[in-house]
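> Each number in the working numbering comes from the position in the sequence shown (counting from 1) with 4 added on.
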Amino acid sequence: MLDNEQYRSTEASRGRATRLRNSAMILGAVIAISVAGFTSRASAKPAAPDDAAGEQVFKSNCVVCHAADGTGSATGKALNAPDLHSDAVQKLTVAQMVTQVSNGKNNMPPFKSTLSEDEISAVVGYVRSAFGKKK
Numbered sequence: 005m006l007d008n009e010q011y012r013s014t015e016a017s018r019g020r021a022t023r024l025r026n027s028a029m030i031l032g033a034v035i036a037i038s039v040a041g042f043t044s045r046a047s048a049k050p051a052a053p054d055d056a057a058g059e060q061v062f063k064s065n066c067v068v069c070h071a072a073d074g075t076g077s078a079t080g081k082a083l084n085a086p087d088l089h090s091d092a093v094q095k096l097t098v099a100q101m102v103t104q105v106s107n108g109k110n111n112m113p114p115f116k117s118t119l120s121e122d123e124i125s126a127v128v129g130y131v132r133s134a135f136g137k138k139k
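1. Opposite residue 109 in the DSSP bridges: which residues?
2. Using the three-state DSSP reduction, which class does residue 122 fall into: helix, strand or coil?
3. Starting from residue 65, trace the alpha helix (DSSP H) in both directions and tell me its first and last residue.
4. What is the DSSP secondary structure of residue 74, reduced to helix, strand or coil?
5. Work out the CA separation of residue 133 and residue 22 for me, nearest whole Å.
6. Give the DSSP-derived three-state secondary structure of residue 129 in the structure shown.
7. Just to confirm, are residue 87 and residue 76 a CB contact at a threshold of 8 Å?
8. Taking DSSP as the reference, what is the three-state secondary structure of residue 79?
9. Going by DSSP in three states, residue 85 sits in which element: helix, strand or coil?
10. Could you check what DSSP says for residue 19 in three-state terms: helix, strand or coil?
11. Based on Cα-Cα distance, which residue from 103, 19, 83 lies nearest to residue 128?
12. Among 66, 120, 121, 130, which one has its Cα closest to the Cα of residue 85?
Right under this line is the structure:
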């Protein structure tokens, strides 16, 4: 049988062991959650515009006025379509370009009823990447 002193010592040891075990479990859970969160962020790549889809939308809808090289076709020049390489176009934000393609501007017709949001985003991404550098 344990005397009073031994009993208190045994209970104190059990308490320390329980706290240590609980702390280790909490620390392990925090590490596991942190690693899982870091791994998912590290493997997730930012959405990049699909240049192939954007190029296809451009060829199907924009070449008539803007020409394949973005400088403007004869029709586009007659309608005052801007050169897509120009600073005026390339200084527009993505949101401004999406709005312009969606709603039209000046002689440019709106495309929101004929193109999906994804197609509009893709063509804006294509215009920025294909014509963003000076000729």
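The C-beta atom is built at its ideal place from N, Cα and C for all residues, glycine as well. This one's a predicted model, so the numbers in the text were calculated from it and none came from an experiment.
On the basis of the data shown:
1. 112
2. helix
3. 55-65
4. coil
5. 60 Å
6. helix
7. yes
8. helix
9. coil
10. helix
11. 103
12. 66
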